[in-house]
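To start, the structure itself, in structure tokens.
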Amino acid sequence: MKLLTAVLLLIFVALGAAQNTESAATTAPTKKLTEGPTSKAKTGATTKAPKVTTATAATAVPTTATPASTATATAATAGPATTAGTATAPTARPATNASTAAPKTTAAPTSPTPGPTTVPPPFFTYNVTSADGQVCFLAQFYAGFSGTYELKNTSMVDFNFEMPENAKVDAKKSRCGWPSQTAIMFLTWTEGADSLALEFSMDNEAQTFQLKSANASLTHSPAHFPDSKTTGAVKYGGVTMGDFFKADFGYSFKCASTEQIAYKANDFKFTFSQLKVQPYEVDKTFGQESPCVADGAHWSLKEKGNFCLLADFQLTFTGEYTKNDSKMGTFTVMLPADARIDLANSHCEDSNAPMAQAVLALTFDQNSFMQVYQVDNKTKTFSLVNATAKLMHDKTHFPDSKDAGKIVTYGGALTDQFQTGLGDYYKCSAMQKVEFKENKFALSYTDLKIQPFDVHMTFGNVSQCVQDTPTAKPPTVPMGNWTITRDNKTCMMMQFQAQFIISYQKEVGGKTEMSKVGYYLPNTTLDTAESTCGDTVAMFVGAFSPENLKPIKDWVMTLEFTMKKDKSYSMTNFSLEFMMDDAYFPGLNKSMAKMMTVFNNTARFDSTAGNYYMCNANQDIMAMNVNATFMKLKLQPFAEQVKGGGLGNPSDCAADNDVSNIVPIAVGCALAGLVIIVLIAYLIGRSRSNRSGYQSV
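Those letters in the sequence shown? Residues -18 to -1, 1 to 679, by mature numbering (1 follows the signal peptide of the UniProt record, and there is no 0).
Laid out in structure tokens, this is it:
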């Protein structure tokens, strides 16, 4: 009997526990799925005041482009020809490139830069073959010539034209390259009267090749040189100054951007676009591509013919200014992509010199911006030590300014920003904010790449910023609680957590692979000003920048709710508009950057007028490459229809009911099992008791 009493007591305790059980759906936060190498730890560097800069031999990428073409496209087959003296055009024509006249220059051969985007003329593949018929030299490009010539009246005018499409390789004047012999491709047209010769040399020790000379012989015909004082053929070009078309053995040099080689005489320039060349170690076709600097850097400087600074970034200037009424206003100025290098105030110094500096000065409209990078010789690092902007107070960016029409200086000296080892480049896709106390001036960099010293053809090894490396998310997804009003009355109440997992293609080592990134909906910085209330349609609109990676809120989430005639309502559309670029999606190819909008218009989150939708369980919404997860939802899009105000009564979701039903079922099964065990134990006890009685008799 004591055993039976104990079992019954256990059953009552278990029943009491089952009645007090509550269910709750919880989720662990998802980490942002980003990749990137760990940033390098650097030691401090000393600074000095920026030098007063003057024009130097350093040349920047001028904004130039390919001269307009006089050639027309012709159908051709892809791939190199196998016979000297022929040219074939690839079937796929380039999509975009430059097509404007280049500015005059008196410098030695200047560095290339991309020009404005237009549809280019056709480009062609040329080849040189050896005596045994093997292709030994491949080139693919379209070329232009520009400069000045003298008229009969002694005045100087410009000329500008393309190499025609019928240019052919002269097999007798072309040759294959060997360690002791340069490689030459000799092209002719106009029945041999005009020509272009490209000569390449190799460096056996460095295992590289590069362009040694470029020479053209152009007949001064009325078609291209009308009223020319000179008749017959005139020679242009010569030996190049600096590294042009340089790559490792076995590789092909490739440059989608415009490459320009300039000479002092006659302001003559060769302009090459969509260039691919391989003068050595050709194995039937082009080898692995070695991209040019112009394809990887937006701004660049040259010193003594060689690249010494590469930079690529987006930049926003923000701060305060004084208005005419003595109150403070705020300004935002964007650095345009077409900002030009101020050669007179830009220069590079040898990184081995004591506290060497590299200065990049940019101009745009009536404004200017200068960055000074300095070497710490002890730690062998560089860092940004000064950033100064001179901004014109115009009506657009500085309305009602006390300094209207004046140029005001912002910024100044800094303490070792972007510190990186010499020979490496600093990279940060996330926003990097550099702040100054005066006028609350700030520089907001995104998609930053900078290498001001020890440049060898292209960017060196990467030193990634801390912001680009994966970091732990908060212990829980931020809970948002938003109230929307109409005519000073509450018309919408929203409370939930949300996260977005987005799939995208990233570039890794020249290859494309799938990756994912995860972001939370912020709970404090969400801008809901565009939300609207209505009797039958309500829209909750939230603008944000995930993790405040940018100063602008370029992501927008919209939840649309519709009230039916029977006074039931549901969410009838979910949409997410987001900026797909390298700032939010590490490793994304910049050519893929675009604004995307995804949506799912399946009706969900049902309730009735006067009630609110409640769901603790996770609710997933798929929209193309976006997986949106909502948690702990309390949605009241028609709060004006709630008597007495507030959220009203809850309408539970089916997912919560499924979870809550599991608990009593599980408890019931456990109790049934316990009862069976108790009965078995009781019967065994009785059986033993009876046996004992028989034996005593």
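Where a beta carbon is used, it is the ideal one built from N, C-alpha and C, also for glycine.
Just so we're clear, the structure is a prediction, and the values are computed from it rather than from any experiment.
Under 8 Å by Cβ, that's how I've got residue i and residue j pegged, so tell me the actual separation to the nearest angstrom.
| i | j | result |
| --- | --- | --- |
| residue 192 | residue 225 | 6 Å |
| residue 390 | residue 379 | The pair is not a contact, with the Cβ atoms about 11 Å apart (cut-off 8 Å). |
| residue 339 | residue 363 | In fact, because the Cβ distance is near 14 Å, the residues do not count as touching under 8 Å. |
| residue 256 | residue 108 | Actually they do not touch by this definition, with Cβ atoms about 13 Å apart. |
| residue 167 | residue 110 | 6 Å |
| residue 133 | residue 209 | 5 Å |
| residue 557 | residue 579 | 6 Å |
| residue 270 | residue 218 | Not quite, the Cβ-Cβ distance comes to about 33 Å (not below 8 Å), so this is no contact. |
| residue 227 | residue 264 | Not confirmed; about 15 Å, so no contact. |
| residue 587 | residue 617 | 6 Å |
| residue 327 | residue 343 | 4 Å |
| residue 313 | residue 371 | Not quite, the Cβ-Cβ distance comes to about 11 Å (not below 8 Å), so this is no contact. |
In its own chain, which residues sit with a C-beta less than 8 Å from the C-beta of residue i, not counting the 5 before and 5 after it?
| i | result |
| --- | --- |
| residue 631 | 592, 593, 594 |
| residue 152 | 67, 168, 169, 170, 174, 177 |
| residue 625 | 592 |
Leaving aside the five residues before and after residue i along the sequence, list all residues of the same chain whose C-beta is less than 6 Å from its C-beta, in chain order.
| i | result |
| --- | --- |
| residue 229 | 235, 272 |
| residue 215 | 199, 201 |
| residue 252 | 196, 243 |
| residue 512 | 523 |
| residue 635 | 597 |
| residue 345 | 322, 324 |
| residue 464 | 476, 510 |
| residue 662 | none |
| residue 501 | 482, 528 |
| residue 436 | 333, 404, 405 |
| residue 180 | 167, 196 |
| residue 659 | none |
| residue 418 | 393 |
To which residues does DSSP link residue i through a beta bridge?
| i | result |
| --- | --- |
| residue 602 | 611 |
| residue 568 | Answer by DSSP bridge pairing: none, since residue 568 is not bridged. |
| residue 526 | 537 |
| residue 634 | 596 |
| residue 289 | 284 |
| residue 323 | 344 |
| residue 356 | 339, 365 |
| residue 477 | 463, 616 |
Taking its Cβ as the centre, do 16 or more other Cβ atoms sit within 10 Å of residue i, making it buried, or is it exposed?
| i | result |
| --- | --- |
| residue 666 | exposed |
| residue 466 | buried |
| residue 115 | exposed |
| residue 174 | exposed |
| residue 420 | exposed |
| residue 432 | buried |
| residue 157 | buried |
| residue 329 | buried |
| residue 561 | buried |
| residue 79 | Confidence in residue 79 is poor, its pLDDT being 33 and thus under 50, which makes the residue's placement too unreliable to answer from. |
| residue 413 | buried |
| residue 284 | buried |
| residue 356 | buried |
| residue 309 | exposed |
| residue 573 | exposed |
| residue 429 | buried |
| residue 680 | Shown here, the chain extends from -18 to 679; a query on residue 680 therefore has no answer. |
| residue 122 | buried |
| residue 685 | The chain is shown from -18 up to 679; residue 685 falls before or after that span and cannot be answered. |
| residue 534 | exposed |
| residue 65 | Below a pLDDT of 50, predicted positions are generally treated as unreliable, and residue 65, at 36, falls in that range; no measurement from the model is reported. |
| residue 336 | exposed |
| residue 320 | exposed |
| residue 684 | There is no way to answer for residue 684, as the model of the chain reaches only from -18 to 679. |
| residue 655 | exposed |
Spatial neighbours of residue i within its chain, please: C-beta separation below 7 Å, excluding the five flanking residues on both sides.
| i | result |
| --- | --- |
| residue 613 | 9, 459, 478, 479, 600 |
| residue 369 | 353, 393, 396, 416, 425 |
| residue 496 | 485, 487 |
| residue 384 | 304, 305, 306 |
| residue 623 | 591, 592 |
| residue 139 | 130, 131, 133 |
Quick check: is the beta carbon of residue i nearer than 8 Å to any beta carbon in chain C?
| i | result |
| --- | --- |
| residue 323 | Considering every chain present, this structure includes no chain C. It has just one protein chain. |
Residue ranges of each beta strand (DSSP E) within the stretch 479 to 516, 3 or longer: 493 to 502
Which ranges does the beta strand (DSSP E) cover as unbroken runs of at least 3 residues, wholly within the stretch 181 to 220, from first to last along the chain? 190 to 201
Could you tell me which whole beta strand (DSSP E) segments of length 3 or greater appear in the stretch 406 to 449? 406 to 410, 414 to 417, 424 to 433, 443 to 446
Let me know the beta strand (DSSP E) ranges lying completely inside the stretch 221 to 274, each 3 residues or longer, listed in chain order. 233 to 237, 241 to 244, 251 to 260, 270 to 273
Every unbroken alpha helix (DSSP H) within the stretch 538 to 600, with a cutoff of 4 residues, ordered by chain: none
In the stretch 105 to 189, which residue ranges form an unbroken beta strand (DSSP E) of at least 3 residues, counting only runs that do not cross its ends? 106 to 111, 117 to 132, 138 to 144, 165 to 171, 176 to 185
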